[in-house]
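Novice: Below you'll find the structure I mean.
Number of protein chains: 2
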Amino acid sequence: MAPCASFQKVFQALHSGEVTHAVIPIENTLHGSVHENYDHLIEYDLPIRGETSLRISHSLIVLPGTRLKDVRQAFSHPVALNQCRKFFERHKNIQPVSHYDTAGSVKMLVEQKPADSAAIASENAAKIYGAAILKRNIEDDRRNFTRFFLLTKQTAPLKNATGEWKTSIAFSTPNRPGALFRTMACFALRDLNLTKIESRPLHARPWEYLFYVDITGCAEDQPVQRALAHLAEITTFLKVLGSYRPSP
Amino acid sequence: MAPCASFQKVFQALHSGEVTHAVIPIENTLHGSVHENYDHLIEYDLPIRGETSLRISHSLIVLPGTRLKDVRQAFSHPVALNQCRKFFERHKNIQPVSHYDTAGSVKMLVEQKPADSAAIASENAAKIYGAAILKRNIEDDRRNFTRFFLLTKQTAPLKNATGEWKTSIAFSTPNRPGALFRTMACFALRDLNLTKIESRPLHARPWEYLFYVDITGCAEDQPVQRALAHLAEITTFLKVLGSYRPSP
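Heads up: the protein sequence lines correspond to chains A and B, in order. Converting from the first sequence to this note's numbering requires adding 94 to each position, the first position being numbered 1. Converting from the second sequence to this note's numbering requires adding 94 to each position, the first position being numbered 1.
What follows is the structure, given as structure tokens:
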């Protein structure tokens, strides 16, 4: 397991062959899509080969022996800190301090043993690094799920296995009324369901959009191939980001 | 001007009449839609009456006289801290510390005068609170725009002015193949353009989605009214969030 200090570095590590697989967050039920990772998926040719959705639960983690009343600062990723605002409102003597990664803040705690400090991360991070959990579920909102993609450097054809598949694509349409409607027709006319659609304005080119779409089916199956060929006729940019089994 | 410690409190202040207008962020070019604010827009009847899009630029702000080499910690909202990672990589002697608000961190700096401290916020915040700017544009990515909505408690009919309008809506569709395609037809068949579309899975009800859609036109104009009446026939939930002039 190799933690990375930025998403860019995750993609670089996979691209260079330093790692064989990578897991990246792609969307969160509270915070929306991680556009930065869509940018990297479009830039690099590293196909999505799996997805999973996890409930995000944060624990207050300390070195064994530290008591709650001794904690003066809590390290974590800024997004995690932001998801625990009510905890910090209830514990005004604990100051949130940004760190590059949630699990990385537990690692730092165990290695550097800063005084009066805690980390905010998953229960699992506490187990991995042999730290102690002081409080569980300190996040404000329990409806906090993050969807992750599993990426590989492997671009070999998929086994055309039966069962359920999903395919993620990104495309741009010409700036013309009804352009999006026509792209939707490529799928609707072939009974392919959409499980995600999102427009993203391209600020460099006003009135142009990038769309992220997830459809049911595998990119190597005929109905999906036909839909994608049809879509290619009416889009200015199209990239298949990968096909994978849907998370349970 | 009344800063609020959470988006929930902004909506409460407007709903209770404590303030007459409110400005909330709704999406960012790097971080996607602020789903929490869509939740509040659906919950409260506080119509959108304007939009604006701002480039987010962060400055390192200090009390007049403080030098860069004296700064040991920088306070800001966790999202802003996260947008200035490269700055912190270049200045390892400065620790990022989370605060509830960017402008609020400048206010805190001016009022409490913590030693060796800076705030990260807009140039404007420095002006408002009489603080000094040490460094401008310390954000990692210049393509960082946030779109804001202006909300009012006013639900009186809009003046049916000519010119450009946009309308934001939220709706759910039944779980049926082609359901989204049919909703798109309501607009495409009336030559109404979409300027945003986004699906959001409802975790409580798997396979059901909430859609956020922005269309061209005012909710009080006939083509939009007809499209919305058509849409109401084929959706399980529909709410018009407001009509407003598009930002330039």
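Cβ coordinates follow ideal geometry from the N, Cα and C atoms, glycine included.
(1) Just curious, the beta strand (DSSP E) that leucine 244(B) is in, first and last residue?
(2) Considering Cα atoms alone, identify which of Lys163(B), Gly257(B), Glu314(B), Leu245(B) is closest to tyrosine 132(B).
(3) What does the alpha-carbon distance come out to for the pair histidine 324(A) and asparagine 269(A)?
(4) Write down the C-beta distance between threonine 118(B) and phenylalanine 243(B) rounded to the nearest angstrom, noting that I regard them as a contact closer than 8 Å.
(5) Is serine 266(A) buried or exposed, if buried means 16 or more other CB atoms sit within 10 Å of its CB?
(6) Which runs of the beta strand (DSSP E) at least 3 residues long sit entirely within the segment 270–336 of chain A? Give them in chain order.
(7) Would you say phenylalanine 275(B) lies against chain A (beta-carbon separation less than 8 Å)?
(8) Measure the beta-carbon distance from arginine 143(B) to glycine 336(B) and round it to whole angstroms, keeping in mind my assumption that it falls under 8 Å.
(9) Would isoleucine 263(B) and leucine 288(B) be called neighbours here (beta carbons separated by less than 8 Å)?
(10) List, in order along the chain, the chain B residues whose C-beta lies closer than 7 Å to that of proline 271(A)?
(11) Compute the Euclidean distance between the alpha carbons of leucine 154(A) and glycine 224(A), then round it to the nearest angstrom.
(12) How long is the line joining the alpha carbons of lysine 180(B) and leucine 148(B), rounded to whole angstroms?
(13) Run down chain A in chain order and give the residues with a C-beta less than 8 Å from the C-beta of methionine 278(B).
(14) For methionine 278(A) and asparagine 218(B), I'd like the C-alpha separation in whole angstroms.
(15) With burial defined as no fewer than 16 other Cβ atoms inside 10 Å of the residue's Cβ, what is the status of glycine 198(B): buried or exposed?
(16) Can the beta-carbon of isoleucine 214(B) be found less than 8 Å from the beta-carbon of leucine 175(B)?
(17) Quick one: list the residues of chain A neighbouring valine 173(B), beta-carbon separation under 8 Å, in chain order.
(18) Have a look at lysine 247(B) and histidine 115(B) and give me their C-alpha separation to the nearest angstrom.
(19) Is there at least one Cβ from chain A nearer than 8 Å to proline 190(B)'s Cβ?
(20) Is the segment 97–113 of chain B close to the segment 164–173 of chain A, with three or more CB pairs under 8 Å?
(21) From the DSSP output, which residues share a beta bridge with arginine 149(A)?
(22) Thinking C-alpha only, which one of Leu228(A), Ser100(A), His129(A), Gly272(A) is nearest leucine 304(A)?
(23) With distance defined between alpha-carbon atoms, name the residue in Gln106(B), Pro158(B), Arg241(B) nearest to proline 342(B).
(24) Straight-line CA distance for histidine 152(A) to proline 317(B)?
(25) With distances taken Cα to Cα, identify the nearest neighbour of serine 216(B) among Thr196(B), Asp210(B), Ala209(B).
(26) Determine which residues of the segment 123–135 of chain B have a Cβ less than 8 Å from any Cβ of chain A, and write them out in chain order.
(27) If we count the other Cβ atoms within 10 Å of its Cβ and call it buried at 16 or more, is threonine 330(B) buried or exposed?
(28) Whole angstroms is fine: what's the gap from leucine 332(A)'s alpha carbon to glutamate 258(B)'s?
(29) The beta strand (DSSP E) with leucine 228(B) in it runs from where to where?
(30) Using CA atoms only, rank isn't needed, just tell me which of Glu205(B), Val204(B), Asp210(B), Ser100(B) is closest to glutamine 189(B).
(31) List the endpoints of the continuous alpha helix (DSSP H) containing lysine 221(B).
(32) Would you give the residue range spanned by the alpha helix (DSSP H) that valine 200(B) belongs to?
(33) Assuming proline 172(A) and serine 192(B) are in contact, meaning their beta carbons sit under 8 Å apart, how far apart are those beta carbons, in whole angstroms?
(34) Just checking: is the beta-carbon of lysine 201(B) within a distance shorter than 8 Å of some beta-carbon in chain A?
(35) Which bits of chain A does alanine 282(B) rub up against, with CB to CB less than 7 Å?
(36) Hey, is glutamate 258(B)'s beta-carbon within less than 8 Å of any beta-carbon in chain A?
Specialist: To lay it out plainly:
(1) Membership of leucine 244(B) in the beta strand (DSSP E) is indicated by the continuous run 239–246.
(2) Leu245(B)
(3) 18 Å
(4) For the record, residue 118(B) in the displayed sequence is isoleucine; it is not threonine. That belief holds up - the Cβ atoms of isoleucine 118(B) and phenylalanine 243(B) are roughly 6 Å apart, short of 8 Å.
(5) buried
(6) 288–295, 303–310
(7) True, the Cβ-Cβ gap to chain A drops below 8 Å.
(8) 6 Å
(9) no
(10) Near proline 271(A) (Cβ distances below 7 Å), the residues of chain B are Asp285, Asn287.
(11) 14 Å
(12) 22 Å
(13) For a Cβ distance threshold of 8 Å, residue set Leu274, Phe275, Met278 of chain A lies close to methionine 278(B), ordered along the chain.
(14) The straight-line gap from Cα to Cα measures roughly 43 Å.
(15) buried
(16) yes
(17) Pro172, Val173, Asn176
(18) Spanning the two alpha carbons is a distance of roughly 7 Å.
(19) For proline 190(B), a Cβ of chain A is located within less than 8 Å of the residue's own Cβ.
(20) no
(21) Phe239(A)
(22) His129(A)
(23) Arg241(B)
(24) 48 Å
(25) Thr196(B)
(26) Thr123, Leu124, His125, Gly126, Ser127, Val128, His129, Glu130
(27) exposed
(28) 31 Å
(29) 226–229
(30) Asp210(B)
(31) 217–223
(32) 196–206
(33) 6 Å
(34) no
(35) Gly272, Phe275
(36) no
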